[in-house]
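Heads up, the thing below is written out as structure tokens.
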Amino acid sequence: MHEHVVVVGAGIAGATCAWTLAQRGYRVTVLDAGSEPGLGGSGNALAIVYPKLVDAELTPQHLQSMAYLHALERLKAPDLAEHFRATGVLWLDQPRSLRDVDAHHPWWQQHVWRLSAEEASACAGVPLMQSALWLPAAGVIRTHGLLRSLLAPEAIRCVFNARVQAATAQDSHWQVSTTQGNFRADALVLAYAGEAPLSLSEGLPLRPVRGQISQFPANLALRTTLCYGGYLTPAEHGYHCIGATFSPQDRGTDIRPEDNAYNAQALAQVAPQLAAKLPPLSQWRARASLRWQTPDFSPMAGRHDPSLRDALRAHTPRRHRPQLPPSKTPPLFVSLGHGAKGYTQAWVAADVIVDALSGQASRWPEALTQQLDPERFIWREWQRGRLWTPRRARA
Ligand SMILES: Cc1cc2nc3c(=O)[nH]c(=O)nc-3n(C[C@H](O)[C@H](O)[C@H](O)COP(=O)(O)OP(=O)(O)OC[C@H]3O[C@@H](n4cnc5c(N)ncnc54)[C@H](O)[C@@H]3O)c2cc1C
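Each residue of the sequence shown is one higher than the one before, counting from 1 in UniProt numbering.
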């Protein structure tokens, strides 16, 4: 068993990994550049846990559907349950959306069903003009409390203000250098969300998407969370959360008044009667941060061999993958690229990683672990002939 695992990043990806590792008997050190957990994308006051619904036949193998049910299970853990509020989510019908989620869907009447506008209004406690899909078990996470509880087990040590600068393989372990000194690890998990500060994650493509979430003083009798492309939550600590903007390739985390106006406008398009009650924007507050997305929008979770790209340079691209010698580097895993769904997906990512580390047979379908495989992008590069380097050029 690999006894001591270093996890880089104390957002939801790193915290769920650390918690799952601690549950399975590992000692864990979490290193984060910030002064507390959740100063990156994971630090909005609330995060919604809800699935992206897909066609009936796709659902059993669908990452987000599986991840949603798994997240709800995990959030029942005695040390975590208090941070989840099952408000239910009403997914408001819009002309192009979700009309094909109907009685053929495997979750129908169990996890999702349709409400008329009158029923949806009664459920939400506010007047709504359109019918909606009702997801009664979905809800909101109070993020800061959850992150603290995930990192609370005795087996977890957190070191803050520790920016990781390098990680090198030394025989069978990792030596991790940070602004707070060096740490030795039997296995390493990278959950630092953003661009690789380390060469270890070269070839794992991520791009930033800025998002601003807004909060306004509570003045609606709203009981459920509304989703409509954007989302609006019931009041928590005197504020409703409304979000969120989506600005690809924008790295700014400054607060922008026009983004608050955008969030208000998105609500006005689907629920003008609610938007009419919004307080003036001067009373709003906001937080902006980055989501990091992969090119195919699925996260990367699993084992990664940092020497794979170089090893593939010697192989001419073919349809089938060549047999490669086993990796000589100590175990390295990543949980990255959670995009707009980290609070739903990070749990399944953590499980896949800890199963692989412990050598336990994965309970997840192979299609899911393949979809999460961090190295899928490197293999695609190779298959497209972008890695192969003739012997003379390699010399
Ligand atoms: C506006 C907005 C609204 C969102 N709403 C939702 C929602 O409702 N539901 C949902 O599920 N998801 C939502 N998301 C997405 C979700 O927030 C992200 O998917 C999630 O935060 C990603 O978590 P993470 O742990 O990968 O990244 P982060 O939370 O960014 O954590 C990465 C951590 O790594 C640390 N770090 C970085 N570099 C280093 C280094 N070199 N050394 C040490 N530490 C380092 C950082 O300090 C940070 O703490 C939203 C995102 C945004 C921007």
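Virtual Cβ for every residue (Gly too), placed ideally from N, Cα, C.
For clarity, every value in this text was computed on a predicted model and none was experimentally measured.
Buried versus exposed, by CB contacts within 10 Å (16 or more), Gly385: exposed
Using 10 angstroms around the beta-carbon of Phe297, count the other beta-carbons present and answer buried if the total reaches 16, otherwise exposed. exposed
Using alpha carbons as the reference points, say which of Gly211, Ile378, Ala191 and Leu147 lies closest to Ala244. Gly211
DSSP state of Arg85 mapped onto helix, strand, coil: strand
Validate contact between the stretch 145-153 and the stretch 29-43 using beta carbons, cut 8 Å, 3 pairs: yes
Say the cut is 8 Å; is the CB of residue 398 nearer than that to a heavy atom of ligand 1? The shown model of the chain, from 1 to 395, leaves out residue 398, and the question about it has no answer.
Starting from Arg148, trace the beta strand (DSSP E) in both directions and tell me its first and last residue. Element bounds for Arg148: not the beta strand (DSSP E) but the alpha helix (DSSP H), Thr143 to Leu150.
Name the residue from Leu220, Arg184, Val159 and Trp108 whose alpha carbon lies nearest to the alpha carbon of Pro136. Trp108
Roughly how many whole angstroms lie between the Cα atoms of Ala77 and Gln110? 22 Å
Restricting to Cα atoms, I'd like to know which of Pro295, Ala275, Ser42 and Pro234 is closest to Gly145. Ser42
Closest to Ala47 by CA distance: which of Ala185, Gln215 and Asp55 is it? Gln215
Any chance the CB of Ile378 is under 8 Å from a heavy atom of ligand 1? no
Alpha carbon to alpha carbon, how far is Asp351 from Leu72? Give it in angstroms, no decimals. 14 Å
Near Arg363, which residues of its chain fall below 6 Å by C-beta distance, leaving aside the five closest residues on each side in sequence? none
Which of the three DSSP states is assigned to Gly9 in this structure? coil
DSSP has Ala329 in a bridge; who is on the other side? Strictly speaking, residue 329 in this sequence is Thr, with Ala absent from that position. Paired residues: none, contrary to the question.
Nearest to Cys227 by CA position, among Ile12, Tyr50, Met300 and Ala155, is which residue? Tyr50
State buried or exposed for Ser335, treating a residue as buried only when at least 16 other CB atoms are found within 10 Å of its CB. buried
Taking only three categories from DSSP, how would you classify Gln130? coil
Ala266 in three-state terms, based on DSSP: helix
Express the C-alpha separation of Ala340 and Ala346 in angstroms, rounding to a whole number. 11 Å
List the DSSP bridge partners of Glu236. Tyr239
Can you name the residues that DSSP bridges to Tyr231? Cys227 and Gly243
Nearest CA to the CA of Met129: which residue from Lys328, Tyr343 and Pro272? Pro272
Quick check: Pro325 and Leu312, are their CB atoms within less than 9 Å of each other? no
Return yes when at least one heavy atom of ligand 1 lies under 8 Å from the C-beta of Val334, else no. no
How close, in whole Å, do the beta carbons of Arg157 and Ala33 come, if the pair is a contact with beta carbons under 8 Å? Contact doesn't hold; Cβ gap of about 16 Å is too wide.
I think Gly230 touches Ala266, with their Cβ atoms under 8 Å apart; what is that distance to the nearest whole Å? 4 Å
Hey, could you find the ends of the beta strand (DSSP E) Arg287 is sitting in? Arg285 to Gln293
In terms of residue numbering, what span does the alpha helix (DSSP H) encompassing Trp379 cover? Arg376 to Gln383
Taking the alpha helix (DSSP H) that Gly25 belongs to, which residues open and close that run? First-last for Gly25: undefined, no H or E at that position.
Would you kindly check if the distance between the Cβ of Ile12 and the Cβ of Arg85 is under 9 Å? no
Just curious, the beta strand (DSSP E) that Arg256 is in, first and last residue? Premise fails: Arg256 is in no beta strand (DSSP E) and is neither H nor E.
Residue interval of the alpha helix (DSSP H) (run including Ser121): Ala117 to Ala124
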